[in-house]
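Residue numbers (the working numbering): 1 to 75.
Cβ coordinates follow ideal geometry from the N, Cα and C atoms, glycine included.
Note that the structure is a prediction, hence the values are computed from the model and not measured.
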């Protein structure tokens with residue numbers, strides 16, 4: 001049995017109130033982890049932009065570039 005399955009089995013043995021509390025805690029932790037990931041990605045993008053690695057684009061230019069990328073990846 002995998003560790004994940006073992007954890008699920010252990011959680012299933014908890015009283016319903018504790019299961020609900022665990023869900024709430026995990027949702028909050030997941031939200032915070034995603035927030036931290038977004039902060040890191042944003043900081044990296046800003047650093048690239050400020051260093052000149054990235055150039056400013058209009059929305060039209062970004063959409064055109066995205067369409068080109070998507071059409072080339074479909075082939």
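Assigned with DSSP and collapsed to three states, residue 16 falls in helix. Residue 22 is a Cβ neighbour of residue 14, given a cutoff of 8 angstroms.
For the pair residue 72 and residue 64, the Cα-to-Cα distance works out to about 12 angstroms. Pairing residue 19 with residue 7 gives a Cβ-Cβ distance that is not under 8 angstroms.
With contacts defined as CB atoms closer than 8 angstroms, residue 54 and residue 48 qualify as a contacting pair.
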